Every structure is written in structure tokens, then in C-alpha cells.
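Trainee: My structure is below; once you've seen it, I'll send some questions.
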Amino acid sequence: MRLKSLLPYVSGPLAGLGYALAWALLWPTAEPDWTLQFGLRFGVLLLAPLRYWGWLIGGELIAAGLIDFLHSYTMGWRVFVYGDLPQPIVVALCLGLLRRANLRPSLRDPEEVSRLLLSAGFTVVAATATDALMMALVHELPPSGLLQALGDELLGNYVGLLLLVPPLIMLWRARPSKHEMSELLMDGLLVMLPALVILLILTEQAAPQREFARVLSLAPVLFFAFRHGWRGASLSMLMSSLGMALVDRVFTHAIPTASSHMFLAVAGTGALMLGSATDALRRSSARVAEQNVYLAAVNRRLDHLARQLRDAARGNMQAEENQRRHMAAELHDELGQNLTAIQTHVKLAQNRLQQAGLEDIGTSINSILGHMRRALHRLLDDLRPAVLDEFGLMRALDEGPIRDLMATAGMTYSTELYGDPRLLEEDIRTAIYRLAQESATNAVKHAQASEFRLRLRIGERAGIALALLDIRDNGVGLPERVPRGGRGLQGMRDRVMSLGGLFRLRPDQQGVHLRILLRSTISGRETSDL
């Protein structure tokens with residue numbers, strides 16, 4: 010409990026001490042390559058809580074004062090006041106304002122990278138301008154020399170920030186997984202190490218090859234940006250810059266110029282943008298893949314529900330047909346036999362009725378019985394077409410009641426029938442006949458047509474029996490607004506959908522044109538339909 014209570018008081022000084030040591034170790038990089046100290050200061054203040062800033066800035070100032078004392082600068086305390094003190098204060102003020110403006114230490118997407126780099130550029134310009142003002146107060150430099158020193162410091166500060174801030178964000182906020190780290194190390198050995206060796210070989214050559222080596226050092230950076238995102242881009246940029254600095258200092262003893270700093274600044278900025286765009290694209294692709302998996306599962310669920318609904322509708326239709334068949338049999342057996350018995354008794358009583366002078370009553374009774382028998386036949390045909398059971402589908406369509414209906418209405422009826430109906434299940438054969446019967450009835454009642462054509466093709470493809478029914482007339486067609494309550498077309502559509510088929514009402518210049526596709530999964534052929 011006491012350790013937890015003391016932790017806030019201990020962590021601040023420890024953070025300041027660790028930062029001061031790191032800042033002192035990076036002091037030799039201030040000249041002549043880049044200012045890694047500036048990048049360390051920006052990154053630590055960006056990531057650290059505000060309560061630690063006093064310890065961090067104090068630790069840096071103490072380290073700077075000790076370094077000035079050990080080097081025994083001739084200007085004494087003025088080096089500290091004009092050279093060391095202003096820059097950390099300016100950077101802290103700029104970052105305080107930027108953090109209030111919701112600046113976040115993140116490089117997840119190009120927008121966040123752009124915001125961070127713009128904030129870094131603003132801070133670099135403010136700090137460099139402050140240093141230039143302090144330098145003008147202390148040293149009497151010509152304007153050209155002041156501008157050159159200002160440009161070199163600005164580029165050096167930006168490059169140092171570009172090299173250190175992304176690795177700090179990676180270590181502090183976005184650590185790679187073990188798998189990602191192993192891939193980074195493997196690619197570092199296979200790509201970065203050979204690239205540094207090639208850089209060393211080319212640098213020892215004459216001037217053109219040396220400049221070509223700097224350009225070539227960008228190739229592994231682009232590779233790491235594409236393969237590992239902004240983490241790979243930042244680490245490869247840091248390694249490549251350290252390699253070039255090491256070659257310049259140890260082997261060639263060349264002093265980096267402003268052009269080399271500009272190359273590092275442009276290449277590093279582009280690599281970070283490219284790496285963050287790669288990461289954003291991968292995350293987007295992963296989200297799309299997850300959405301596709303989810304949508305595929307939803308589609309499978311919907312397909313399963315649709316199959317269940319079709320099976321339920323098909324079961325209801327089969328139950329309805331069975332009930333119709335049962336009712337037709339009952340009416341035929343009971344009512345039909347009773348009508349036949351009544352008609353027989355009337356014929357037997359015909360002589361008695363004549364003797365009693367009631368012959369007209371017998372004739373009237375026979376007429377009523379004939380009308381009842383015809384009505385019963387129509388009712389039985391609606392419930393279950395006997396012609397379908399007696400003649401089969403093809404003959405029922407070609408020679409059955411539909412042709413009689415068309416002849417009575419004075420319409421031409423033409424059929425084109427191809428294929429073997431035994432490939433189809435019984436309920437599909439019944440549905441085809443019902444669809445043709447309903448279409449013919451609609452044509453007679455509403456179409457004012459003179460011709461009715463029916464074409465049926467039955468075939469087999471990939472082990473599935475297919476039936477294509479094409480029905481058309483040359484009547485007045487459908488009205489623009491189909492009246493509510495009309496169940497003709499909707500009933501036909503529902504019947505087709507319950508069987509898992511396709512129902513299309515095709516636009517035609519004249520009349521109504523229906524195309525219906527039905528599938529059958531029957532495994533063997535039936536032999537009852539001839």
C-alpha cells in the first residue's frame with residue numbers, strides 16, 4: 010500500500026532521469042548529421058502525461074548544463090540561457106497547444122500521419138525560429154550565414170523527429186506482436202542487411218555511385234513500408250539513416266549536405282504515408298473480409314429459412330391437393346351416386362307419372378338433375394382434374410378441358426409440348442396444369458383475346474429435371490394498376506414460389522406473356538404418366 014502511494018512521487022524523477030540519460034547519449038548526433046535529441050524531446054513530451062513534463066524538461070536542462078560545463082564553453086552561462094533553455098520551453102508550449110487541439114500520438118491512417126507531421130513541422134519551425142533569434146542576439150552573423158544555419162537546423166530537427174518519433178510511438182502505444190516482430194527481424198536480415206552492404210560498397214566508389222547509393226537506400230524502406238506498414242517504414246528508415254551516417258563518418262569522412270537532409274526528410278515522410286496507407290488498406294480489407302463472412306453466414310441462414318418456407322408452402326399445397334382429391338372422391342362417391350340413384354328412381358317412376366298426368370314434373374326433375382350433374386362435374390374438375398389422372402399431363406393440356414374452354418369461347422388454342430413429364434414430381438405436374446388452367450380462364454374472362462398459345466419444354470440438366478412453361482395471348486393485356494383483391498396472378502406466383510421456381514411476367518406489345526421455370530429433384534422416373 011505504501012509503495013503504491015509513493016509511486017507517483019518516484020515515477021516522475023525516474024522518468025526525468027531516464028530521459029536525461031537518453032538525451033545525453035544522443036548529444037553527439039546533433040552535429041553534423043541530424044538532431045535526434047529534438048526527435049526524442051518531441052516524442053517523449055507527446056507521449057508522456059502532462060504531470061511528468063516538469064521532470065522531463067528539468068532533466069534535459071540539467072543534462073545540457075552538465076554537458077556545457079564539461080566542454081568549458083567560452084561564453085559560459087549565455088550558452089545555456091540562449092542555446093539550451095529556449096528550445097525545450099518552445100517545444101513544450103507548442104505541444105501543449107497541439108494536445109489541446111486533440112493531437113493524438115497515432116499513425117494508424119494517412120490522415121493521422123498528416124496531422125502529426127504538420128504538427129511536427131509547426132513545432133520545428135517555431136523552435137528553429139527561436140534558435141535563430143537567440144543566435145542573432147549572441148552572434149553577429151551575416152544574413153546569408155544566418156539563413157543557411159537556420160535551414161540546416163530546421164532540416165536536421167525535422168529529420169531527427171522523423172526518425173525517432175514513430176519508433177517511440179510504436180514502443181509506447183502500438184507494439185507489434187511476436188509474429189510481426191519475427192517477420193520484421195527476418196526481413197531485416199534478408200533485405201536490410203544486404204542493402205547496407207551494397208550501400209557500403211557503392212559509397213566507396215566515385216561521386217555518382219555514392220549519390221546513387223543514397224537513392225538505392227530508399228528501396229528497402231519502400232519494401233518495409235509495403236510489407237510491414239508504418240512500423241516497418243519507420244524502423245527501416247532509422248536503420249538506413251544510421252547506416253548512411255556510419256558510412257559517412259567512418260569510411261568516407263564526408264559531411265552531409267542540405268540535399269542529403271532534404272532527401273531523408275522527403276523519403277521519410279513519403280515512407281510513413283505509404284506505410285500508414287498500407288496498414289489502413291489491410292484493416293479495411295480485413296473488415297471487408299469479416300463483413301463478407303458475416304454476410305455469407307446471414308445469407309446461409311436466409312437460404313435455410315427460405316428453404317423452410319418453401320418446404321412449408323409446398324407441404325401446404327400438397328396437403329391442399331390431397332384434401333381436394335379426398336373431397337372430389339367423397340363428392341363423386343356420395344353425391345354422384347345419390348344423383349344417379351335419384352335419376353334412376355325418376356326413370357322408374359316415369360310411367361306412373363305419365364298415367365297420373367305429371368309427366369312435366371318428371372321432365373323438370375330430370376333437367377334439374379342434369380344441371381346438378383354438370384355443376385358437380387365442374388366442381389370435381391376444379392377440385393381435382395380427373396383428366397390429369399386419366400390421360401397424363403401432355404394429353405390433359407392438349408386435349409382436355411382447356412381446349413374445350415377455348416372452343417366454347419371461340420378462341421384458337423395452340424400447344425407445343427416437348428419432353429417426358431415422368432421426370433417431374435406429381436405436385437409439379439399438377440402445378441403446371443393448374444397454371445395453364447388459371448391462365449386460360451383469365452384469358453377467356455378478361456383478355457378479350459382470339460388466340461391462346463401454350464408451350465411446355467421438359468428436360469434434364471446436371472441431374473435436375475427442368476420444366477419451362479411459356480403462356481401468352483393476344484388480348485388487351487394487363488391494366489396499369491391491377492385491382493386489389495385479384496388473386497389470379499398472385500396466386501400463380503405464390504404457387505410457383507412455393508415450388509422453388511421462377512415466375513416472370515414479360516412485357517409484351519399485346520396481351521399477357523408468362524414464363525415459368527420449375528425444377529424437380531426426383532431421383533427416378535415415374536411410369537404412371539404416359
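At position 35 of the sequence shown (counting the first as 1) the number is 44 in the working numbering, and the numbers step up by one without a gap.
For every residue, glycine included, the Cβ atom is placed at its ideal position computed from N, Cα and C.
Keep in mind that this is a model prediction, so the values were computed, not measured.
Candidates L193, V275, S269, R184: which alpha carbon is nearest F232's?
Mentor: Residue 232 sits at position 223 when you count from the first residue of the sequence shown. F232 has its Cα closest to that of L193, out of L193, V275, S269, R184.
Trainee: Report the rounded CA-to-CA distance for G25 versus V53, giving the unit in angstroms.
Mentor: In the sequence shown, counting from the first residue as 1, residue 25 sits at position 16. In the sequence shown, counting from the first residue as 1, residue 53 sits at position 44. Distance between the alpha carbons of G25 and V53 is about 10 Å.
Trainee: Using CA atoms only, rank isn't needed, just tell me which of I98, L104, L23, C103 is closest to W64.
Mentor: Reading the sequence shown from its first residue, position 55 is the one you call residue 64. The shortest C-alpha separation from W64 is found at L23.
Trainee: Between S294 and R124, what straight-line distance do the alpha-carbon atoms span, to the nearest angstrom?
Mentor: In the sequence shown, the residue the question calls residue 294 occupies position 285. In the sequence shown, the residue the question calls residue 124 occupies position 115. The alpha-carbon atoms of S294 and R124 are separated by roughly 24 Å.
Trainee: Taking C-alpha atoms, which residue in D93, Y61, W62 lies nearest to I76?
Mentor: Locating residue 76 in the sequence shown gives position 67, where the first residue counts as 1. Comparing Cα positions, the closest option is D93.
Trainee: Tell me the rounded alpha-carbon separation between M282 and G68.
Mentor: Translated into positions along the sequence shown, residue 282 becomes position 273. Translated into positions along the sequence shown, residue 68 becomes position 59. Those two C-alpha atoms are separated by around 33 Å.
Trainee: From L526 to L304, what distance separates their C-alpha atoms?
Mentor: The sequence position of residue 526 within the sequence shown is 517, counting from 1. The sequence position of residue 304 within the sequence shown is 295, counting from 1. Taking the straight line joining both Cα atoms gives about 28 Å.
Trainee: According to DSSP, is T44 part of a helix, a strand, or is it coil?
Mentor: Taking the sequence shown and counting its residues from 1, one reaches residue 44 at position 35. Note: T44 maps to coil in three-state DSSP.
Trainee: Could you tell me which whole alpha helix (DSSP H) segments of length 4 or greater appear in the segment 432-467?
Mentor: Fully enclosed alpha helix (DSSP H) runs of 4 or longer: 435-451.
Trainee: Between the segment 159-173 and the segment 194-212, do at least 3 Cβ pairs fall closer than 8 Å?
Mentor: Output reads no: the segment 194-212 does not touch the segment 159-173.
Trainee: Among G409, N360, I351, which has the Cα closest to the Cα of M381?
Mentor: Locating residue 381 in the sequence shown gives position 372, where the first residue counts as 1. Selected option, being the one with the closest Cα: I351.
Trainee: Just the C-alpha distance for Y28 and R291, rounded to the nearest angstrom, thanks.
Mentor: In the sequence shown, the residue the question calls residue 28 occupies position 19. In the sequence shown, the residue the question calls residue 291 occupies position 282. Those two C-alpha atoms are separated by around 35 Å.
Trainee: Measuring alpha carbon to alpha carbon, tell me which of L49, A476, V99 ends up nearest L432.
Mentor: Start at 1 with the first residue of the sequence shown, and residue 432 comes out as number 423. Of L49, A476, V99, the residue nearest in Cα terms is A476.
Trainee: T372: buried (16+ other C-beta within 10 angstroms of its C-beta) or exposed?
Mentor: Here residue 372 refers to the residue found at position 363 when the sequence shown is read from its first residue. Result: exposed.
Trainee: Is A476 helix, strand or coil when you go by DSSP?
Mentor: Here residue 476 refers to the residue found at position 467 when the sequence shown is read from its first residue. Note: A476 maps to strand in three-state DSSP.
Trainee: State the DSSP-derived secondary structure class of D429, mapped to helix, strand or coil.
Mentor: Taking the first residue of the sequence shown as 1, we reach residue 429 at position 420. Of the three classes helix, strand and coil, the one that applies to D429 here is coil, per DSSP.
Trainee: According to DSSP, simplified to helix, strand and coil, what is S529?
Mentor: Reading the sequence shown from its first residue, position 520 is the one you call residue 529. Three-state result, S529: strand.
Trainee: Could you pull out every unbroken alpha helix (DSSP H) segment of at least 4 residues lying fully inside the segment 109-136, listed in chain order?
Mentor: List check, alpha helix (DSSP H) in window: nothing returned.
Trainee: How should T137 be labelled, buried or exposed, when 16 other C-beta atoms within 10 angstroms of its C-beta is the threshold for buried?
Mentor: The sequence position of residue 137 within the sequence shown is 128, counting from 1. Result: buried.
Trainee: Which residue wins for smallest C-alpha separation from G497, given the options A322, V297, H455?
Mentor: Counting from one through the sequence shown, the residue named residue 497 turns up at place 488. Residue H455 is the option with its Cα nearest to G497.
Trainee: May I ask which residues mark the beginning and end of the alpha helix (DSSP H) holding N402?
Mentor: The residue you call residue 402 lines up with position 393 of the sequence shown. Correcting the residue identity first, residue 402 is Leu in this sequence and not Asn. Counting along the chain, the alpha helix (DSSP H) containing L402 begins and ends at 402-408.
Trainee: Can you tell me which of Q359, D312, V396, S128 puts its alpha carbon nearest to the alpha carbon of L171?
Mentor: If you number the sequence shown from 1, residue 171 lands on position 162. Measuring from the Cα of L171, the nearest candidate turns out to be S128.
Trainee: Whose CA, out of W181, R464, P95, A416, lies closest to the CA of L549?
Mentor: Examination of residue 549 is not possible in this model, given that the chain is present from 10 through 539 alone.
Trainee: To the nearest angstrom, how far is the alpha carbon of W239 from that of S285?
Mentor: Along the sequence shown, one-based indexing puts residue 239 at 230. Along the sequence shown, one-based indexing puts residue 285 at 276. When rounded, the distance between both Cα atoms is 5 Å.
Trainee: Report buried or exposed for S553, applying the criterion of at least 16 other Cβ atoms within 10 angstroms of its Cβ.
Mentor: What is shown of the chain runs 10 to 539, which leaves residue 553 out entirely.
Trainee: Leaving out the 5 sequence neighbours to the left and right, which residues in its chain are closer than 7 Å to V133 when beta-carbon positions are compared?
Mentor: As a first step, residue 133 must be located in the sequence shown, where it is residue number 124. Same-chain partners within the cutoff: L163, N166, Y167, L170.
Trainee: What does DSSP give as the partner residue(s) for F512 in the beta ladder?
Mentor: Translated into positions along the sequence shown, residue 512 becomes position 503. According to DSSP, F512 bridges with I525.
Trainee: According to DSSP, simplified to helix, strand and coil, what is R182?
Mentor: Numbered from its first residue, the sequence shown carries residue 182 at position 173. Coil.
Trainee: Using the three-state DSSP reduction, which class does S423 fall into: helix, strand or coil?
Mentor: For this step, residue 423 is matched to residue 414 along the sequence shown. S423 falls in the strand class under three-state DSSP.
Trainee: As a quick exercise: from G21, I71, Y61, pick the residue whose alpha carbon is nearest that of W32.
Mentor: If you number the sequence shown from 1, residue 32 lands on position 23. Cα-wise, what sits closest to W32 is I71.
Trainee: Take the Cβ of T278 as the centre, count every other Cβ of all protein chains shown within 10 Å, and call the residue buried at 16 or more, exposed below.
Mentor: In the sequence shown, counting from the first residue as 1, residue 278 sits at position 269. Answer is buried; the Cβ neighbour count reaches 16.
Trainee: Can the beta-carbon of L514 be found less than 8 Å from the beta-carbon of L508?
Mentor: Sequence index remark: in the sequence shown, residue 514 carries index 505 (1-based). Sequence index remark: in the sequence shown, residue 508 carries index 499 (1-based). No, Cβ-Cβ distance for L514 and L508 is not below 8 Å.
Trainee: Assuming L378 contacts L348 (C-beta within less than 8 Å), just tell me the rounded distance between them.
Mentor: Counted from its first residue, the sequence shown places residue 378 at position 369. Counted from its first residue, the sequence shown places residue 348 at position 339. With 8 Å as the limit, L378 and L348 qualify as a contact, their Cβ atoms being about 6 Å apart.
Trainee: Which same chain residues end up closer than 8 Å to R319 when comparing Cβ atoms and leaving out the 5 residues on each side of it in sequence?
Mentor: Within the sequence shown, residue 319 is the residue found at index 310, counting from 1. These residues qualify, in order along the chain: M506, S507, L508, G509.
Trainee: Let me know if I473 comes out buried or exposed under the rule of 16 or more other beta-carbons within 10 Å of its beta-carbon.
Mentor: Here residue 473 refers to the residue found at position 464 of the sequence shown. By the neighbour-count rule (16 or more Cβ atoms within 10 Å), I473 is not buried but exposed.
Trainee: Inspect the beta-carbon positions of R481 and R462 and report whether they are closer than 8 Å.
Mentor: Counting from one through the sequence shown, the residue named residue 481 turns up at place 472. Counting from one through the sequence shown, the residue named residue 462 turns up at place 453. Their beta carbons are under 8 Å apart, which means R481 touches R462 by this criterion.
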